[in-house]
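Enquirer: As you go down the protein sequences, you meet chains Y and X in turn.
For the first sequence, my numbering begins at 52 and goes up steadily by one.
For the second sequence, my numbering begins at 52 and goes up steadily by one.
Protein chains: 2
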Amino acid sequence: MALVIQKYGGTSVANAERVKAVAKRVVERKRNGDNVVVVVSAPAGLTDELINKAKAISSKPDKRELDMLLCTGEQVSVALLAMAIKELGEKAISYNAHQVKIRTTNSHTNAQITEIDTKKIEAKLKNNHIVIVCGFQGINDIDDLTTLGRGGSDTTGVALGVALKADTVEIYTDVDGVYTADPRIVANPKKLEKISFDEMLELAGTGAKVLHSRSVELGYKYNVPIHLRSSFDESEGTIVCNKELIEEEKLITGISHKLGEALIIFEGISNTPKIASTVFNKISENGIFVEIITQGAGKGINTDLSFVTKNECFDEAILLAKELAQDIGVSNVKGIKNLSMISLVGNINKDKLGVLNKVLLILEEENVKPLILTATDLKISIVIEEIFLKKIINLLHKNLI
Amino acid sequence: MALVIQKYGGTSVANAERVKAVAKRVVERKRNGDNVVVVVSAPAGLTDELINKAKAISSKPDKRELDMLLCTGEQVSVALLAMAIKELGEKAISYNAHQVKIRTTNSHTNAQITEIDTKKIEAKLKNNHIVIVCGFQGINDIDDLTTLGRGGSDTTGVALGVALKADTVEIYTDVDGVYTADPRIVANPKKLEKISFDEMLELAGTGAKVLHSRSVELGYKYNVPIHLRSSFDESEGTIVCNKELIEEEKLITGISHKLGEALIIFEGISNTPKIASTVFNKISENGIFVEIITQGAGKGINTDLSFVTKNECFDEAILLAKELAQDIGVSNVKGIKNLSMISLVGNINKDKLGVLNKVLLILEEENVKPLILTATDLKISIVIEEIFLKKIINLLHKNLI
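1) Using three-state DSSP, classify X/Val-29 as helix, strand or coil.
2) Rounded to whole angstroms, what is the Cα-Cα separation between X/Ala-74 and X/Leu-132?
3) Does chain X have any CB closer than 8 angstroms to the CB of Y/Pro-112?
4) Please tell me whether Y/Ser-109 has its Cβ less than 8 angstroms away from any Cβ of chain X.
5) Helix, strand or coil: how does DSSP classify X/Gln-126 here?
6) Show which residues of chain X have a CB atom less than 9 angstroms away from the CB atom of Y/Glu-173.
7) Measuring straight from C-alpha to C-alpha, what distance separates Y/Ile-246 and Y/Ile-277?
8) Applying a beta-carbon distance threshold of less than 8 angstroms, which residues of chain X neighbour Y/Lys-71?
9) Measuring straight from C-alpha to C-alpha, what distance separates X/Ile-236 and Y/Met-119?
10) Establish whether the CB of Y/Val-129 and some CB of chain X are separated by less than 8 angstroms.
11) Closer than 8 angstroms, CB to CB, is Y/Ser-204 near chain X or not?
12) So the beta strand (DSSP E) X/Gln-377 belongs to, where does it begin and stop?
13) Please confirm whether Y/Leu-139 has its beta-carbon closer than 8 angstroms to some beta-carbon of chain X.
14) To the nearest angstrom, report how far apart X/Ile-431 and X/Ala-259 are at their CA atoms.
15) With respect to the alpha helix (DSSP H) encompassing X/Arg-69, which residues constitute its N-terminal and C-terminal limits?
16) Run down chain X in chain order and give the residues with a C-beta less than 7 angstroms from the C-beta of Y/Glu-116.
17) Using a beta-carbon distance cut-off of less than 8 angstroms, what residues from the segment 80-105 of chain Y approach chain X?
18) Measuring alpha carbon to alpha carbon, tell me which of Y/Ile-320, Y/Leu-447, Y/Lys-106, Y/Ile-56 ends up nearest Y/Ser-307.
19) Taking beta-carbon pairs under 9 angstroms, can you tell me which members of the segment 191-216 of chain Y lie near chain X?
20) Just list the beta strand (DSSP E) runs in the segment 277-348 of chain Y, keeping only unbroken ones of 3 residues or longer that don't cross its boundaries, in chain order.
21) One question on the structure: do X/Leu-121 and X/Thr-198 come within less than 8 angstroms of each other, judged by their Cβ atoms?
22) Of all Cβ atoms in chain X, is any one closer than 8 angstroms to the Cβ of Y/Thr-160?
23) Please report whether the beta-carbon of Y/Gln-150 lies at a distance below 8 angstroms from any beta-carbon of chain X.
24) How would you list, in chain order, the residues of chain X whose beta-carbon sits under 8 angstroms from the beta-carbon of Y/Met-119?
25) Does the beta carbon of Y/Ala-65 sit closer than 8 angstroms to a beta carbon anywhere in chain X?
26) From what residue to what residue does the beta strand (DSSP E) around Y/Leu-360 run?
27) Is the segment 280-299 of chain Y touching the segment 328-343 of chain Y in the sense that three or more CB pairs, one from each, lie closer than 8 angstroms?
28) Give the residues from the segment 296-327 of chain Y that approach chain B closer than 9 angstroms (Cβ to any Cβ), ordered along the chain.
29) Helix, strand or coil for Y/Ser-264, going by three-state DSSP, please let me know.
30) Given a cut-off of 8 angstroms, decide if Y/Phe-248 and Y/Gln-184 are closer than it, judged by their beta-carbon atoms.
31) Would you tell me roughly how many angstroms separate the C-alpha atoms of Y/Pro-234 and Y/Pro-240, rounded to the nearest one?
32) Is Y/Thr-224 near Y/Val-275, with beta carbons less than 8 angstroms apart?
33) With a cut-off of 8 angstroms, do at least 3 Cβ pairs link the segment 433-446 of chain Y to the segment 391-405 of chain Y?
34) Less than 8 angstroms between the C-beta atoms of X/Val-70 and X/Arg-80, yes or no?
35) Report yes if the C-beta distance between X/Val-89 and X/Gln-126 is below 8 angstroms; otherwise report no.
36) State the Cα-Cα distance for the pair Y/Ala-72 and X/His-180, rounded to the nearest angstrom.
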């Protein structure tokens, strides 16, 4: 008898019909002989509704109280799902973060799970219950409610998998697996049967929104495979697992992208660590998001320093950059909006220059200039104008995967 | 510095504007030098919305899970109110039943508070916080959430008053006090400045819906005065307190009424306890609500036995009564629907017969037959046809109060 953790997102429990469908699925799994622990998010839309209620009271709601408010969302889901499972004749019980002591760090709205008390869950499993646990939430050391940030329920699922030594963690979403590229923009991407934890982390970090990075890190650290599946069909999905379990190591596993990027370039900056650190201190003090930083390895004393941020930070970033330019004696500051970052993720280290060469040839042929280009062992990223994104990502996918 | 418990009902926190108004009121009280603990119900409408969600899943939702679901309502209120108070510049913190360990009995949807851990609340009060606690909810001895039944937040307020040894418990509602009769049906009723716990219990039990009986019992038992006030104005309201604190003992303090009553009469029933017990066992087994029971003190072996139930139980009750009549050899069973019960509450024992006489004279004059009449030391109740209610209750109020 295997122990399975199943996590269902908000769209899967958005209304009574969907809750009943999830209940049916969970009950089938149980009747097939597995022990099942279910983690559920708040019903789709409810969290936004609650945030709007808070915003109607305060433009910047107190974070502790916001967590107190938002945690009601998952509690609604677990109670309804438990009722639906009982309707189907199986024993079920729901738990919130207080009841199974999902301990977290103290950073409200962005906490990290530190411990879960599994006693109650294990006792109920032994007693043939399906156990349903609130995703996304925890309690700190003084029993205040905390939340885990975007995608936090995935993390709850994997953390429960770790704590309960589950055989597998299944994350059910509205996509049926990890694809070699985003099907909304690339023609005929392939669904991956398996992907390694570190590749998944790179994809998630560079724009693939299928799994929350922290949940992948947790699975990676404790070696708990994560099975990403669709809650709307029975297809097999993608297993995120240890590299050793993957038979065929691919040079490029997948291609991700991000939209709405913006670039700030300091031209002719004095090539000293002190100047660079002055720049980035100032940027970070002002809370401007920085995606990538590159500094040309100029031979002389002057070089270019660039960073990629988001469109929505652009106005503030360019203003700040111009102020900074005067302070540090930079001759010219340039800014470009509406860019995209494309990342090729895989075992690039097997042929880094070969891949880079192919990428550059495609860009050359299409007459698209890479504004930024970075390469590590696992990933090559290029930043180009957004108007070229669709063409380039399709060409890269066709030629490199 | 006094310690005040303020309880606000669902209509007082129905939307952002109202939450802000409550926050303002609480903050004013705090700035006037009192320590304030606030108990809040779920926003008006939310509990019904949650019940509908449960009903969409199951026609008879599991009670433990229903409690889990409903408890989210008050958690929404406390979080929003804490945000609103902080917006006004005061320190505030919200707590749910887990956090301040509001222990209850185990009967889901109708639990009773047994204990509250006041440590956290006291520490926060000392540290100048306004403390906001979820009404209506508790946890049983295995930390499952429970709810206290209708009007349960009033009980939470009084129970906190008892546990914290508060100077006063203020219950804010949409009425501004206890009246000598229901203003919607009686002309010019007077607002009572004070009323004793036992009179309030009698009024609440006989149709006055202003306060939950259990909260009054609790105030009575531990001698914590309850101040009933309007959340929409600054008027003084009514203080429910120990009899000793009431200067003027009134013969009749108030007149309450209930609508939609129905009467079942067994005529010519054998006057033995065994027969009566057979009747009431059967009635109770079938879950039929019984308001009043009277049995005529017949001199012979036969007498009449009647009980008052509600219109909605009438069909089932009359059917059952007819079955019973055959079993116990009763000659005739009658049923009358659409009745009202009027109760006069006060220190009736000071002149029981005098009051009764006045009541009967008024009925006589109006040619209204009392179908049932009962009198105790604190209360006289009559049951009449509902069409006469308005006229009779107004005459009683005019002549006796």
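For each residue, glycine too, the CB sits at the ideal point set by N, CA and C.
None of the values given here were measured: they were computed from a predicted structure.
Expert: Checking against the coordinates, here is how it stands:
1) Outside the displayed span of chain X (52 to 452) sits residue 29 of chain X, for which this structure offers no information.
2) Rounded to the nearest whole angstrom, the C-alpha separation of X/Ala-74 and X/Leu-132 is 6 angstroms.
3) The beta-carbon of Y/Pro-112 is placed less than 8 angstroms from the nearest beta-carbon of chain X.
4) So, interface residue.
5) Looking at X/Gln-126 - three-state DSSP - the assignment turns out to be helix.
6) Residues of chain X passing the Cβ test: none, with the nearest at roughly 15 angstroms.
7) In this model, Y/Ile-246 and Y/Ile-277 are separated by some 10 angstroms (Cα to Cα).
8) Those within 8 angstroms of Y/Lys-71 in chain X are Ile-108.
9) Straight-line spacing of the CA atoms in X/Ile-236 and Y/Met-119 works out to 43 angstroms.
10) Taking 8 angstroms as the threshold, the shortest C-beta distance from Y/Val-129 to chain X falls below it.
11) Not closer than 8 angstroms to any Cβ of chain X, the Cβ of Y/Ser-204 fails to qualify, so no.
12) Run containing X/Gln-377: none in the beta strand (DSSP E); it sits in the alpha helix (DSSP H), 365-379.
13) Taking Cβ atoms only, chain X never reaches closer than 8 angstroms to Y/Leu-139, which makes this a no.
14) Our two residues, X/Ile-431 and X/Ala-259, have alpha carbons roughly 15 angstroms apart in a direct line.
15) From DSSP, the alpha helix (DSSP H) with X/Arg-69 extends over 67-82.
16) Around Y/Glu-116, the beta-carbon contacts reaching into chain X at under 7 angstroms are Ala-130, Ala-133, Met-134, Ser-145.
17) Of all residues in the segment 80-105 of chain Y, Leu-101, Lys-104, Ala-105 have a Cβ within less than 8 angstroms of some Cβ in chain X.
18) Closest option to Y/Ser-307, Cα to Cα, is Y/Leu-447.
19) Listed in chain order, the positions of the segment 191-216 of chain Y with a beta carbon within less than 9 angstroms of a beta carbon of chain X are Ile-193, Asp-194, Asp-195, Leu-196.
20) If you keep only unbroken beta strand (DSSP E) runs of at least 3 residues inside the segment 277-348 of chain Y, you get 277-281, 289-292, 305-321, 343-346.
21) Their beta carbons are under 8 angstroms apart, which means X/Leu-121 touches X/Thr-198 by this criterion.
22) Residue contact with chain X for Y/Thr-160: absent (no Cβ-Cβ distance below 8 angstroms to any residue of chain X).
23) Yes, Y/Gln-150 counts as interfacial toward chain X.
24) Within chain X, the residues near Y/Met-119 are Gln-126, Val-129, Ala-130, Ala-133, Ser-145, Asn-147.
25) Closer than 8 angstroms: no.
26) This sequence places Thr at residue 360 of chain Y; Leu is not what is there. Where Y/Thr-360 is concerned, the enclosing beta strand (DSSP E) stretches over 353-361.
27) With a cut-off of 8 angstroms on Cβ pairs, the segment 328-343 of chain Y is not in contact with the segment 280-299 of chain Y, counting fewer than three such pairs.
28) Absent from the structure: chain B. Protein chains present are Y and X.
29) Note: Y/Ser-264 maps to helix in three-state DSSP.
30) It is worth fixing the name first, because residue 184 of chain Y is Val in this sequence and not Gln. When the beta-carbon positions are compared, Y/Val-184 and Y/Phe-248 stay at least 8 angstroms from each other.
31) Answer to the nearest angstrom: the Cα atoms are 6 angstroms apart.
32) Not closer than 8 angstroms, so no.
33) For the pair of segments examined, the segment 433-446 of chain Y was found to touch the segment 391-405 of chain Y: the number of CB pairs separated by less than 8 angstroms reaches three.
34) No, the pair does not count as a contact, with Cβ atoms beyond the cut-off.
35) X/Gln-126 sits away from X/Val-89, with the two beta carbons spaced by 8 angstroms or more.
36) Taking the straight line joining both Cα atoms gives about 45 angstroms.
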